[in-house]
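**Q**
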Amino acid sequence: MPRFAANLSMLYPEHDFLDRFAAARADGFDAVEYLFPYDHRAEELRQRLDDNGLVQALFNAPPGDWAAGERGIASLPGREGEFRAGFQRALDYAAVLKNDRIHVMAGLLPDPARRDAHHAVYLENLAFAAAQAAQVGVTVLLEPINPRDMPGFFLNRQDQGQAICREVGAANLKVQFDCYHCQIVEGDIESKLRRDFAGIGHIQIAGVPHRHEPDLGEVNYPYLFGVFDELGYDGWVGCEYRPRGDTSAGLEWLREWRRAG
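The opening position of the sequence shown corresponds to residue 1 in UniProt numbering, with each subsequent residue numbered one higher.
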């Protein structure tokens, strides 16, 4: 049976961020993930995890100036020093939070004619991050993101992500497989999971097309949960969706799945 992690950047918006840990625990989650931890001291977050018996499943490396619209800097020429310093900060947080997955956002491609230059920087930065992370048992993740939600994002397709991992050649560099993004860009989710399973380091879910609970829309998640089990996936499945209403009330899909299991 899949193990689910609550994405606290999206779930429980009715609570202040630090109170979302307890809310997730009360709803039966055993792990949490979120975009960024850096607005809080690592020790404060560690205490929330410990108080609620939760595992930290995933967070992102610093993305540049998020408020100004940046969505990662790993592929941006001229930002290599900032990327390396930011990734070290992520590793410092990971050590305190006992987190073994860090997602590195590629960033936006302002001019398709410069893709080759961005690609070269991306490979260099990922190789650096993977080497540093390997020393402390951390896996680095890259994620294809659909261009509808994030126009201009450097990486959109699963095969692109897997090809980049092969180019870098680091055993601890994997693809973060977000079923929501994959369905929007490519569809045929099951075949992508089977084709790329060895290179997948984390899975996330959300309903398509509106990114609400995974109980409505184009994707048959109970079927995919069976595929996860058949493939032997034993990592966390991140619930990265926007609740239609109250988060806890909207978790009936999860309660039904647990009862059926």
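Just so it is clear, CB atoms sit at the ideal spot from N, CA and C, and this is done for glycine as well.
Here the structure is a predicted model, which is why all the values come from computation and not from measurement.
1. The alpha helix (DSSP H) that contains Ala-163, what's its start and end?
2. If we call anything under 8 Å between Cβ atoms a contact, is Tyr-241 one with Pro-214?
3. Does the distance from the CB of Val-219 to the CB of Gly-235 come in under 8 Å?
4. Which value, in whole angstroms, describes the spacing of the CA atoms of Arg-89 and Ala-42?
5. Can you list, in chain order, the residues of its chain with a C-beta nearer than 6 Å to that of Ala-57? Leave out the 5 residues immediately preceding and following it.
6. Name the one or two DSSP bridge partners that Gln-56 has.
7. How many angstroms separate the CA atom of Gly-199 from the CA atom of Val-175?
8. Assign Asp-178 to buried or exposed, taking buried as 16 or more other Cβ atoms, counted over all protein chains shown, within 10 Å of its Cβ.
9. For Gln-47, count neighbouring C-beta atoms within 10 Å of its own C-beta (all shown protein chains included) and say buried if the count is 16 or more, exposed if not.
10. Smallest Cα separation from Pro-243: which of Asp-229, Phe-228, Leu-216?
11. The beta strand (DSSP E) spanning Trp-236 covers which residue range?
12. For the candidate residues Arg-115, Ala-22, Asp-116, Val-138, whose alpha-carbon lies nearest to that of Val-96?
13. Which partner residues of His-202 appear in the DSSP bridge assignment?
14. How far does the alpha helix (DSSP H) with Ile-189 in it reach, from first residue to last?
15. Give the C-beta separation of Arg-71 and Leu-108 to the nearest angstrom, bearing in mind that I take them to be a contact with Cβ-Cβ under 8 Å.
16. With burial defined as no fewer than 16 other Cβ atoms inside 10 Å of the residue's Cβ, what is the status of Tyr-223: buried or exposed?
17. Please report the distance separating the alpha-carbon of Ala-24 from that of Asn-172.
18. Are the beta-carbon atoms belonging to Pro-62 and Gly-86 less than 8 Å from one another?
19. Within 10 Å of its beta-carbon, does Lys-98 have 16 or more other beta-carbons around it, so buried, or fewer, so exposed?
20. Excluding the 5 residues preceding and the 5 following Ser-75 in the sequence, name in chain order all residues of the same chain whose CB lies nearer than 6 Å to its CB.
21. In its own chain, which residues sit with a C-beta less than 8 Å from the C-beta of Ala-134, not counting the 5 before and 5 after it?
22. If you draw a straight line from the C-alpha of Ala-113 to the C-alpha of Gly-187, how long is it?
23. Please classify Phe-153: does DSSP put it in a helix, a strand, or coil?
24. Give the list of continuous beta strand (DSSP E) stretches no shorter than 3 residues that lie fully inside the region 212-261.
25. At the level of alpha carbons, what is the spacing between Arg-255 and Gly-28?
26. Do you know how far the Cα of Leu-18 is from the Cα of His-40?
**A** For this structure:
1. Counting from 1 along the sequence shown, the entry for residue 163 is found at position 163. From DSSP, the alpha helix (DSSP H) with Ala-163 extends over 158-168.
2. Along the sequence shown, read from residue 1 onward, the residue named residue 241 stands at position 241. Along the sequence shown, read from residue 1 onward, the residue named residue 214 stands at position 214. Going by C-beta atoms, Tyr-241 is nearer than 8 Å to Pro-214.
3. By one-based count along the sequence shown, residue 219 stands at place 219. By one-based count along the sequence shown, residue 235 stands at place 235. No, Cβ-Cβ distance for Val-219 and Gly-235 is not below 8 Å.
4. Here residue 89 corresponds to residue number 89 of the sequence shown, with the count starting at 1. Here residue 42 corresponds to residue number 42 of the sequence shown, with the count starting at 1. Annotation: Arg-89 to Ala-42 spans about 11 Å, alpha carbon to alpha carbon.
5. Here residue 57 refers to the residue found at position 57 when the sequence shown is read from its first residue. Excluding residues within five positions, the ones whose Cβ falls inside 6 Å are Ala-5, Ala-31, Glu-33, Trp-236.
6. As a working mapping, residue 56 is identified with position 56 in the sequence shown. For Gln-56, which the question treats as bridged, DSSP gives the partners Val-32.
7. The residue given as residue 199 occupies position 199 in the sequence shown. The residue given as residue 175 occupies position 175 in the sequence shown. Going by the C-alpha atoms only, they are around 6 Å apart.
8. Position 178 of the sequence shown, counted from the start, is the residue given in the question as residue 178. Result: buried.
9. Within the sequence shown, residue 47 is the residue found at index 47, counting from 1. When all chains shown are included, Gln-47 counts as exposed.
10. Mapped onto the sequence shown, residue 243 falls at position 243. Of the candidates Asp-229, Phe-228, Leu-216, the one whose C-alpha sits nearest the C-alpha of Pro-243 is Leu-216.
11. Locating residue 236 in the sequence shown gives position 236, where the first residue counts as 1. Where Trp-236 is concerned, the enclosing beta strand (DSSP E) stretches over 236-239.
12. If you number the sequence shown from 1, residue 96 lands on position 96. The shortest C-alpha separation from Val-96 is found at Val-138.
13. Taking the sequence shown and counting its residues from 1, one reaches residue 202 at position 202. Its beta-bridge partners are Gln-176.
14. Locating residue 189 in the sequence shown gives position 189, counting from the first residue. That run of the alpha helix (DSSP H) goes 189-196.
15. The sequence position of residue 71 within the sequence shown is 71, counting from 1. The sequence position of residue 108 within the sequence shown is 108, counting from 1. With a Cβ gap of about 6 Å, Arg-71 and Leu-108 count as contacting.
16. The residue labelled residue 223 in the question sits at position 223 within the sequence shown. So Tyr-223 ends up on the exposed side.
17. Stepping through the sequence shown from its first residue, residue 24 is reached at position 24. Stepping through the sequence shown from its first residue, residue 172 is reached at position 172. Rounded to whole angstroms, Ala-24 to Asn-172 spans 29 Å at the Cα level.
18. Position 62 of the sequence shown, counted from the start, is the residue given in the question as residue 62. Position 86 of the sequence shown, counted from the start, is the residue given in the question as residue 86. The answer is yes: Cβ separation under 8 Å.
19. In the sequence shown, counting from the first residue as 1, residue 98 sits at position 98. Per the 10 Å Cβ criterion, exposed.
20. For the purposes of this step, residue 75 is taken as the residue at position 75 of the sequence shown. Ala-106, Gly-107, His-118, Val-121, Tyr-122, Phe-154, listed in sequence order.
21. Here residue 134 refers to the residue found at position 134 when the sequence shown is read from its first residue. So the list reads Ala-170, Ala-171, Asn-172, once near-sequence residues are dropped.
22. Counted from its first residue, the sequence shown places residue 113 at position 113. Counted from its first residue, the sequence shown places residue 187 at position 187. Cα to Cα, Ala-113 sits roughly 27 Å from Gly-187.
23. In the sequence shown, residue 153 corresponds to position 153, counting from 1. It is a strand residue.
24. If you keep only unbroken beta strand (DSSP E) runs of at least 3 residues inside the region 212-261, you get 236-239.
25. Taking the sequence shown and counting its residues from 1, the one referred to as residue 255 is at position 255. Taking the sequence shown and counting its residues from 1, the one referred to as residue 28 is at position 28. Spanning the two alpha carbons is a distance of roughly 9 Å.
26. By 1-based counting over the sequence shown, the position of residue 40 is 40. By 1-based counting over the sequence shown, the position of residue 18 is 18. If I take the Cα positions, the gap works out to 9 Å.
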